[in-house]
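Which chain is which? The protein sequence lines are A and B, in order. Residue numbering for the first sequence follows my numbering, beginning at 18 and increasing consecutively. Residue numbering for the second sequence follows my numbering, beginning at 19 and increasing consecutively. Built from N, CA and C at the ideal position, the CB exists for glycine as well. First comes the structure, then the notes that go with it.
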Amino acid sequence: MPHPTQTTPTTWDRAAAAHVLRRVGFGGSGQSIDAAVDAGFEASLTELEERREHPESLTGASVEKLVSLGNLVSLQSRWMSLILGDGAPLLERVTLMWHGHFATSNAKLGDVRLMHEQNELFRSRGLGDFRELFHAVAKDPAMLVWLDGNQNRVGAPNENFAREVMELFGLGIGGGYTEQDIQEAARAFSGWSVVSRQFKFRKEHHDSGEKTLFGRGGVFSGEDAVDRVLEHPACPRWIAWRLLNTFVMPDPSEALIVRIAAMLVEESWHIGRTLARIFRDPLFLSAEARRSRIAGPVELVAGVALATEAALPPLDAMRAAGVMGQTLFMPPTVKGWDGDRAWIDPGTWLARHNWLTEFALAKGLDGKATFGKVKRGEAVEVVTQRLMPDGVDEAMLSALQSAANSAHSDGHAIHKVAALILTSPEYQLV
Amino acid sequence: MVFFATAIAGSLALFAAATAPLDPAQSPDPLHRLRARAPASTLLWVETSELGPVLAQGFSHPFIKAVLSDPLIAGNLKRQGSDPYAAADAIQALLGQSPFTLASALGSEGITAGLLESPSGAPEAFFLLRGADPEAMEETLDELEAVLEGLGALQAPSARERRDLGTRVRKSWKLDNAAAAWTREGTLVLAQTWDSLVLCCDVKDRSERLGPARESLLADGTNSLDGAPWSAKTFAWADLDGLDKHAALGDLRAMADEPGTHFVLGPALAYLGRASTLSMGLELTRRGVHFRTLGEGVAVGSGAGSFPDGASPPEPPQADAGVVALGSVHRDFGFLLGHRTELFPPRSQPGIAEGLANLALLTGGPDALDELLAALHPTIKLQSNVVRFPKNTTPDVPLPGVSVSVRVAEPEKNGSRLTSAFQSAISLTNVDQAMKGREGLRLALESVDGVTMTTAKLPPPAEGASVDVRYNLAPACAVVEETFVLGTRGELVEAAIRRMKKSSSLPAPLPSVPTPWVSIDDVLISGPPFARLLDSQRDLLVMQGVLTKGKTQARAEAEFDLVLKLAERVARMQYQSQWQPTTESTRAIRADLHLLFTQ
Chain A
18 MPHPTQTTPT TWDRAAAAHV LRRVGFGGSG QSIDAAVDAG FEASLTELEE RREHPESLTG
78 ASVEKLVSLG NLVSLQSRWM SLILGDGAPL LERVTLMWHG HFATSNAKLG DVRLMHEQNE
138 LFRSRGLGDF RELFHAVAKD PAMLVWLDGN QNRVGAPNEN FAREVMELFG LGIGGGYTEQ
198 DIQEAARAFS GWSVVSRQFK FRKEHHDSGE KTLFGRGGVF SGEDAVDRVL EHPACPRWIA
258 WRLLNTFVMP DPSEALIVRI AAMLVEESWH IGRTLARIFR DPLFLSAEAR RSRIAGPVEL
318 VAGVALATEA ALPPLDAMRA AGVMGQTLFM PPTVKGWDGD RAWIDPGTWL ARHNWLTEFA
378 LAKGLDGKAT FGKVKRGEAV EVVTQRLMPD GVDEAMLSAL QSAANSAHSD GHAIHKVAAL
438 ILTSPEYQLV
Chain B
19 MVFFATAIAG SLALFAAATA PLDPAQSPDP LHRLRARAPA STLLWVETSE LGPVLAQGFS
79 HPFIKAVLSD PLIAGNLKRQ GSDPYAAADA IQALLGQSPF TLASALGSEG ITAGLLESPS
139 GAPEAFFLLR GADPEAMEET LDELEAVLEG LGALQAPSAR ERRDLGTRVR KSWKLDNAAA
199 AWTREGTLVL AQTWDSLVLC CDVKDRSERL GPARESLLAD GTNSLDGAPW SAKTFAWADL
259 DGLDKHAALG DLRAMADEPG THFVLGPALA YLGRASTLSM GLELTRRGVH FRTLGEGVAV
319 GSGAGSFPDG ASPPEPPQAD AGVVALGSVH RDFGFLLGHR TELFPPRSQP GIAEGLANLA
379 LLTGGPDALD ELLAALHPTI KLQSNVVRFP KNTTPDVPLP GVSVSVRVAE PEKNGSRLTS
439 AFQSAISLTN VDQAMKGREG LRLALESVDG VTMTTAKLPP PAEGASVDVR YNLAPACAVV
499 EETFVLGTRG ELVEAAIRRM KKSSSLPAPL PSVPTPWVSI DDVLISGPPF ARLLDSQRDL
559 LVMQGVLTKG KTQARAEAEF DLVLKLAERV ARMQYQSQWQ PTTESTRAIR ADLHLLFTQ
């Protein structure tokens, strides 16, 4: 994939490299940060974008057997393993983004195979043309069952699927559509169904009459309805918001959304190329963007594991993220996870705090393997450099030093400082 | 002077008698001397006479060689920075002898480790060692003493301390807090404290329980897989009542309070933890492994009724081709559920009640369920076979099929209830599947040798579609005279019907030889199909290791290959449990595990 003109950041240091690793992927170890600094911004970024090194054992024929078992936990663990393995950082981050955007839950489906096929769809098309992805997701059996799209028949329309196609997938809430548009789109989607886990168009259930969508009339099919949504000016803005929210900053300004929406259309809706331009935009490395997002549970757990190079079992990591409020393949509603500030409430904060503390103090973190043999006097510097390369303020530094001084051994100092950093408010930001 | 000369002469004579080569015919058990030395306050005792060849050959012993050359073990040692060869060299450099030579000289005939209740009341460890050649043993001890003295590690005991040990001890040493003694009959005693050493060397207050416990363990001791006698060369004994005062044995004691343990493992294992004493024996030969555990003085309390009465001992299982496992187990559901409030703690009651309520939905209400459970005979026969799946329906993960058969009272009424429950369960499953837009199991009736069999099958998968794990299930059930048969595959139930019809026309088997032991469970597992099943799912099982345990791919593969290698060595495995009454309120329970290796 050709990359846009390189925009060399003014300062390419460990803090900037760590930011790129956290945002393009899920983070990296001290060694990865150092390697990225040495390689330079463009080379590091390109490598993260293009890396496709998932192990054959997690992508080959044995995955089919795993899916055949019909066990959701295995599927969740497999995805977490792909994330923790860091074999395709951007690809997995985009897959997670689309899982939240086109939220589908196995809680209703109870069909691990359909969930797996949808997940693979996000993986295979998530970085390509959004229009193709949108069409494919609209016909995805998991989605149709999830939103009752397969129960939509002429004379007895089910508007659920059509509503979410506009409200959540294509235009966003208040994205310039009316109830009438939803009803008309539902007529267009009638006859779409699922038979033996495959999409099937049942002509006999399709409303072949004329419909009016966004003020334009015609004998629209379901595919036409998706095209009409894609043609709506709110669509690129909605997708631009999603990309900015995931990769750059929460609550982007309207002007920024419009700029990135134009970029998306210029790139013929190609997500990979649009993201490549966003990553090379000065905004991406700006102070405004850094540590501006609250890490979602999957991001947080994976980030901790990658930063500390801990051999965290994928099953445990997946469960930890679940306790913190993000269970893979089980988004809470059709809206997916609200994200951002909603990630942290008294209940989920307690879960985060407990897991991070337990990881740092009780199990998970191998202080010696991660940080080497460190004297308590050096503990703060060594651990901070690894976990918070962008530095910490004086007050926190003092608190960390005090914790290190009160530790009963050099090894304990490492664990205490790590626990304080991981549970700090700053660490929850990526 | 005369007194001393007599004493020395007497001691030497005793020593000479004690260390004279044993006549194997007179003493086939080389460890009896060590056992006779166990203090009366012994809480735990582990003895083995099987280490002789290993100690004699050291790193050249085939087992040690195989263990150390295994890639997984070698990798683990390397990762931990452990080098057994370097460690052996270091010990040799320090002590002047290879650790194997040293250990062989001191313990080739037998080594025991134990815990005793010390005079202070705390449990303390002790070790007893005997070499095959007392002279070599003494020579080794002299050399060791010289080295340790040179290193300043030995302290001389006081005259009073030596006196406390008595005249049967030739030499004694103190090593920090620990203590050691070399007895006149050739046993090296190591103890955690001097007081414990005194207890171990005192000949007056010996345990009278170890010998009889071992005798009881060895009773009827043949390896049922090949009929060879066994001698439990590794023997362990625990005074659970005594240990319970010092260690928290709550979980072990409370196993009987867990409904899951009763239902899954059976009454033998559920109540074994309530034994007063527990004996265990292990023997490893070229042909296989035999492990037996015997619990004596097991307080069964109100659970006594969950044991079989011995009126109809199950036939020993006979495996044939295609059989993965078979056996008979005793689970008296009627008794356990009828006495659930006495047997299980209050916290288990809601779970049991929920399970029963769900079952009652299938059987036509709680009263019908109670009647049904009381009508089921507690002996359940199990059989697992390799399945030959029809063309295009072989699941991606093919599993063996399982069938269970159980006798029912009033088969006309209760058989129909069970068949209705089966059909209701299938229908409920189908409703759930239909809500997910998936195909359900199609119920049908078939006739096999005049017996009506209810079957349930999924429709064939679409051409080229993957065949998920549900296709392992094509359940069926039938009532054959007084027996209800239920299987995960119709073909298994069909085979059971034919087998039962055929056997009912044969003359009744001769009554078995009476034995004081009543059989509880008897399960036989055939090794080769099990190993083949493991091998065929290697990639999946390795992946599970990666996903659930966080292992690297290489490590998960190495671990799996080691397990597979071991599984391939097993031709058959048999688990048997039995009981016999001892007093009104207690009984003895024993469980045997036999592994027969492939030759």
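As assigned by DSSP and simplified to three states, the class of residue i
i	result
Thr-229/A	strand
Val-318/B	coil
Leu-131/A	helix
Gln-343/A	coil
Leu-40/B	Because the pLDDT at Leu-40/B is just 39, under 50, the model does not fix this residue reliably, and the value given afterwards should be weighed accordingly. Three-state result, Leu-40/B: coil.
Ile-431/A	helix
Trp-535/B	coil
Glu-301/B	strand
Asp-224/A	coil
Ile-199/A	helix
Leu-159/B	helix
Asn-490/B	helix
Ser-423/B	strand
Tyr-289/B	helix
N- and C-terminal bounds of the alpha helix (DSSP H) containing residue i
i	result
Thr-381/B	367 to 381
Pro-106/A	106 to 118
Lys-475/B	Taken as a continuous stretch (DSSP letters only), Lys-475/B belongs to no alpha helix (DSSP H), being part of the beta strand (DSSP E) at 469 to 475.
Phe-388/A	384 to 388
Lys-96/B	89 to 97
Thr-325/A	314 to 325
Beta-carbon contacts of residue i that lie in its chain and below 8 Å, excluding the five residues immediately before and after
i	result
Leu-463/B	Thr-470, Met-471, Thr-472, Thr-473
Ile-50/A	Arg-31, Ala-34, Ala-35, Leu-38, Pro-406
Val-165/B	Leu-112, Leu-113, Gly-114
Of the residues the options, the one placed nearest residue i, counting alpha carbons only
i	options	result
Gln-452/A	Leu-146/B, Gly-184/B, Lys-454/B	Chain A is shown from 18 up to 447; residue 452/A falls before or after that span and cannot be answered.
Val-316/B	Leu-258/B, Ile-370/B, Leu-391/B, Asp-540/B	Leu-258/B
Ala-199/B	Leu-62/B, Ala-513/B, Gln-173/B	Gln-173/B
Arg-573/B	Leu-73/B, Gly-70/B, Ala-58/B, Pro-89/B	Pro-89/B
Leu-439/A	Met-405/A, Ala-421/A, Leu-329/A	Met-405/A
Gly-132/B	Ser-465/B, Glu-179/B, Arg-55/B	Arg-55/B
Glu-59/A	Arg-294/A, Ala-304/A, Gly-384/A, Ser-415/A	Arg-294/A
Leu-335/A	Leu-565/B, Asn-94/B, Pro-102/B, Leu-69/B	Here residue 335/A is Met; the residue named in the question, Leu, does not match the sequence. When only C-alpha atoms are compared, the closest one is Leu-565/B.
Gly-482/B	Asp-414/B, Leu-62/B, Leu-391/B, Ala-272/B	Asp-414/B
Residue i at chain C interface by Cβ criterion, 8 Å
i	result
Leu-345/A	No chain C is part of this structure, whose protein chains are labelled A and B.
Limits of the unbroken beta strand (DSSP E) element including residue i
i	result
Asn-175/A	Where Asn-175/A is concerned, there is no enclosing beta strand (DSSP E), given that its DSSP letter is neither H nor E.
Phe-218/A	215 to 218
Ala-199/B	196 to 201
Ala-409/A	The residue you asked about is not Ala; residue 409/A is Val in the sequence shown. Here Val-409/A belongs to no beta strand (DSSP E), and DSSP marks it neither H nor E.
Contacting residues, own chain, Cβ-Cβ under 7 Å from residue i (five flanking each side not counted)
i	result
Arg-214/A	Arg-130, Leu-131, Pro-158
Own chain partners of residue i with C-beta closer than 6 Å, once the 5 adjacent residues on each side are dropped
i	result
Asp-224/A	Val-171, Arg-204, Ser-207
Ala-123/B	Gly-149, Ala-154, Met-155, Thr-158
Ile-543/B	Ala-343, Met-591
Can we say the region 101 to 121 of chain A touches the region 349 to 356 of chain A, given the rule of at least three CB pairs closer than 8 Å? yes
Inter-stretch contact at 8 Å, needing at least 3 Cβ pairs: the region 340 to 351 of chain B / the region 394 to 407 of chain B: yes
Across the region 132 to 143 of chain A and the region 193 to 206 of chain A, are there enough close Cβ pairs to call them in contact, namely three or more that are closer than 8 Å? no
Touch check for the region 494 to 514 of chain B and the region 429 to 439 of chain B: three-plus C-beta pairs under 8 Å? yes
Just checking, does the region 404 to 415 of chain A make contact with the region 366 to 377 of chain A on the three C-beta pairs under 8 Å criterion? no
Would you be able to state if there are at least three C-beta pairs under 8 Å between the region 409 to 421 of chain B and the region 504 to 515 of chain B? yes
Taking three-plus beta-carbon pairs below 8 Å as touching, is the region 89 to 102 of chain A in contact with the region 560 to 570 of chain B? yes
Does the region 168 to 188 of chain A come into contact with the region 246 to 265 of chain A, if we say contact requires no fewer than three beta-carbon pairs (one atom in each stretch) closer than 8 Å? yes
Would you call the region 208 to 225 of chain A and the region 377 to 397 of chain A touching, i.e. three or more CB-CB distances under 8 Å? no
Pairing CB atoms from the region 227 to 236 of chain A with CB atoms from the region 277 to 297 of chain A, are three or more of them under 8 Å? no
Report yes or no: do the region 97 to 104 of chain A and the region 571 to 585 of chain B share at least 3 C-beta pairs separated by less than 8 Å? no
Cβ pair count under 8 Å reaching 3, the region 545 to 560 of chain B against the region 598 to 609 of chain B: no
May I ask you to verify whether the region 202 to 220 of chain B touches the region 179 to 192 of chain B, counting CB pairs closer than 8 Å and requiring at least 3? yes
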